[in-house]
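In what follows, a single structure is set out as structure tokens and then discussed.
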Amino acid sequence: MSIQMSITSSVLALLLFGAAVSLYAGFMATDPGVRGDPPGAGRPIDGLSSFEGLFFDAGLDAFKEVQSVQGGTIEGEETEPGLGPRFNLDSCAGCHAQPAVGGTSPSVNPQVAVATKANAKNVVPRFFITSDGPVREARFKFNPNGTRDGGVHDLFTITGRTDASGCNIAQPDFKTADLNDNLIFRIPTPTFGAGLIQSIDDDTILANKNSQTFAKGLLGISGRPNTNANDGTITRFGWKAQNKSLGIFSGEAYNVEQGVTNELFPQERDETAGCLFNATPENHTNFDATQPTEVPSDAVKFAVFMSFLAPPAPASDTPSTINGRRLFKEIGCALCHTPYLHTGNVSSPALRGKQANLFSDLLLHNMGPKLADNILQGNAKGDEFRTAPLWGLGQRIFFLHDGRTMDLREAIQAHASHGNLEFGPSEANRVIAIFNALGEAQKQDILNFLRGL
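Note that the sequence shown covers residues 3 to 455 in this note's numbering.
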């Protein structure tokens with residue numbers, strides 16, 4: 003049965019007449035929690051050539067490297083140069099660690115320890131950075147003069163570090179920003195299967211957007227792509243689909259999150275005298291390398307690693323998850339969280355013509371004031387977010403763009419939001435109303451299905 007047929011028959015009947023009583027009196031559906039299986043992700047995608055495999059391994063090694071200001075051994079650990087002057091963490095793998103390298107926030111937040119590493123004088127902003135909370139970056143909505151900001155304000159500086167003698171710059175005033183309702187957070191997005199996402203043609207995304215229009219209209223769902231301002235092509239990476247490619251995603255994150263200048267982002271984000279210790283770009287193509295895998299810059303290696311990183315493997319089906327998958331489609335969740343899209347005619351056979359089971363349409367949707375962060379990126383407005391791919395959700399710890407909850411049911415409820423004077427209502431309101439009308443056993447099946455992804 004198609005989604006459209008389901009919406010217009012069984013689901014509308016459910017919405018009208020309700021599933022007010024669970025089959026089991028007193029039973030309340032709950033999040034089953036992080037799936038305890040071995041990591042279903044972190045390996046290379048099937049079908050790589052021998053050389054692609056070598057470059058994947060080189061990218062993985064670079065992704066796990068730890069940065070310091072000038073390189074060398076820091077606290078008994080070998081490091082690469084380029085950290086700072088401002089940064090959020092000193093390794094890609096520190097942010098992208100759960101359930102394997104390439105994922106998202108781990109259970110223990112490494113930002114707490116890195117704040118004072120190498121004798122740095124940073125103070126951890128404990129009201130949003132905790133040892134058992136998510137890795138976060140901070141953004142300010144507005145500048146002091148009232149104009150739009152929206153950029154990342156790094157948590158830490160290299161002031162006081164043993165490898166940054168003479169540098170003296172202050173951390174941002176996050177407390178004042180918070181008191182002025184000017185502070186928002188983002189957590190790392192998982193990168194598993196990112197090469198498949200990059201390989202989906204724009205036409206495929208648009209064709210999916212233009213499908214099931216009656217059902218989408220009935221439920222108040224629209225959606226639109228974010229696009230590149232230069233060439234008009236669809237951008238698809240990041241919480242607001244603001245980045246066009248894994249190359250841009252890599253270079254920007256290296257510069258913004260760690261402070262490492264590179265060939266795509268060659269300028270330091272803070273040029274304070276006394277805090278610059280290396281020629282720029284600090285990481286670049288190694289023209290003198292004798293091994294082919296050592297010629298590319300780290301930013302290129304990161305992009306290759308993510309391109310060839312396999313999508314997460316789901317858990318085995320159970321009767322509950324099979325029913326949950328059916329309900330997920332019937333109540334309309336799959337109208338945004340599209341179960342799969344196909345990749346196009348890309349150069350690597352490992353990525354060409356594949357079914358990507360991402361559970362996303364890669365489009366922007368209005369999510370209402372409850373989730374709105376009032377940050378504009380590309381065409382994305384303050385309450386618009388990309389439909390987050392759900393593959394691998396079963397082994398994630400933190401949910402939503404800011405990591406505000408560890409409870410999957412709370413994350414689902416956060417999708418519903420009435421409009422206010424600033425933002426309109428969430429496109430998900432009617433679907434969440436249908437979800438809420440289900441019996442608790444049916445809700446549990448959906449939660450079990452999602453935790454099986």
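Where is the CB? At the ideal position from N, CA and C, for every residue including glycine.
Taking the Cβ atom as the reference point for each residue, do residue i and residue j lie within a distance shorter than 9 Å?
i, j, result
"phenylalanine 279", "phenylalanine 65", "no"
"phenylalanine 89", "isoleucine 160", "yes"
"leucine 365", "arginine 226", "yes"
"isoleucine 223", "valine 433", "yes"
"proline 192", "arginine 453", "no"
"isoleucine 171", "proline 83", "no"
"leucine 311", "proline 41", "no"
"isoleucine 333", "leucine 440", "yes"
"alanine 418", "asparagine 431", "yes"
"valine 262", "leucine 62", "no"
"alanine 243", "glycine 104", "no"
"asparagine 264", "aspartate 300", "yes"
How would you label residue i, buried or exposed, when you count the other beta carbons within 10 angstroms and need 16 or more for buried?
i, result
"glutamine 357", "exposed"
"aspartate 134", "exposed"
"glutamine 1", "In this structure the chain extends from 3 to 455, so residue 1 is not present and cannot be described."
"proline 351", "exposed"
"asparagine 124", "buried"
"threonine 345", "buried"
"alanine 291", "exposed"
"threonine 75", "exposed"
"histidine 420", "exposed"
"asparagine 422", "exposed"
"alanine 382", "buried"
"proline 127", "buried"
"alanine 275", "exposed"
"serine 167", "exposed"
"asparagine 368", "buried"
"aspartate 156", "buried"
My output table needs one value for residue i: the three-state DSSP class, helix, strand or coil.
i, result
"tyrosine 26", "At tyrosine 26 the pLDDT is 48, less than 50, meaning the model places this residue with poor confidence; the figure from the coordinates comes in the next sentence. Tyrosine 26: coil per DSSP, three-state reduction."
"isoleucine 236", "strand"
"alanine 172", "coil"
"threonine 191", "coil"
"leucine 185", "strand"
"valine 348", "coil"
"arginine 406", "coil"
"proline 294", "helix"
"isoleucine 76", "strand"
"glutamine 200", "helix"
"glutamate 386", "strand"
"leucine 440", "coil"
"phenylalanine 158", "strand"
"asparagine 210", "helix"
"alanine 140", "strand"
"glutamate 412", "helix"
"threonine 106", "strand"
"leucine 85", "coil"
"threonine 263", "coil"
"arginine 37", "coil"
"glutamine 100", "strand"
"serine 362", "coil"
Please return the same chain residues whose Cβ sits closer than 8 Å to the Cβ of residue i, not counting the five positions on each side in sequence.
i, result
"tyrosine 26", "The predicted position of tyrosine 26 is uncertain, since its pLDDT is 48 and thus under 50; a value taken from the coordinates is nonetheless stated next. Taken in chain order, the residues that qualify are Glu442, Ala443."
"proline 313", "Ala43, Ile47, Phe194, Gly195, Leu198, Ala358, Asn359, Leu360, Trp393, Gly394"
"serine 109", "Gln100, Asp134, Ile399"
Leaving aside the five residues before and after residue i along the sequence, list all residues of the same chain whose C-beta is less than 7 Å from its C-beta, in chain order.
i, result
"phenylalanine 425", "Gly370, Pro371, Ala374, Gly384, Asp385"
"histidine 339", "Phe361, Ser362, Thr389, Leu392"
"aspartate 151", "Phe142, Lys143, Phe144, Asn145"
"arginine 327", "Phe451"
"cysteine 335", "Val433"
"glycine 49", "Pro351, Ala352"
"asparagine 376", "Lys143, Gly384"
Enumerate in chain order the residues of its own chain whose CB-to-CB distance from residue i is below 6 Å, with the five nearest sequence positions on each side excluded.
i, result
"leucine 56", "Thr295"
"alanine 102", "Pro41, Ala43, Gly44"
"phenylalanine 158", "Phe89, Ala117, Asn124"
"aspartate 404", "Phe187"
"alanine 122", "Gly162, Arg163"
Please look up how many angstroms separate the CB atoms of residue i and residue j, rounded, as I've assumed it's under 8 Å.
i, j, result
"leucine 91", "glutamine 113", "6 Å"
"leucine 353", "glycine 197", "5 Å"
"isoleucine 189", "valine 137", "6 Å"
"serine 70", "alanine 120", "7 Å"
"threonine 287", "proline 298", "7 Å"
"cysteine 97", "phenylalanine 304", "That pair is no contact at about 12 Å."
"alanine 255", "leucine 185", "Rounded, the Cβ-Cβ distance is 20 Å, inconsistent with contact."
"arginine 37", "alanine 317", "6 Å"
Quick one: does the C-beta of residue i sit closer than 8 Å to a heavy atom of the ligand MG?
i, result
"serine 252", "Of ligands this structure carries none, so the ligand MG is not represented either."
Using a Cβ-Cβ cut-off of 9 Å, state whether residue i counts as contacting chain B.
i, result
"asparagine 170", "The structure shown has no chain B; it contains just one protein chain."
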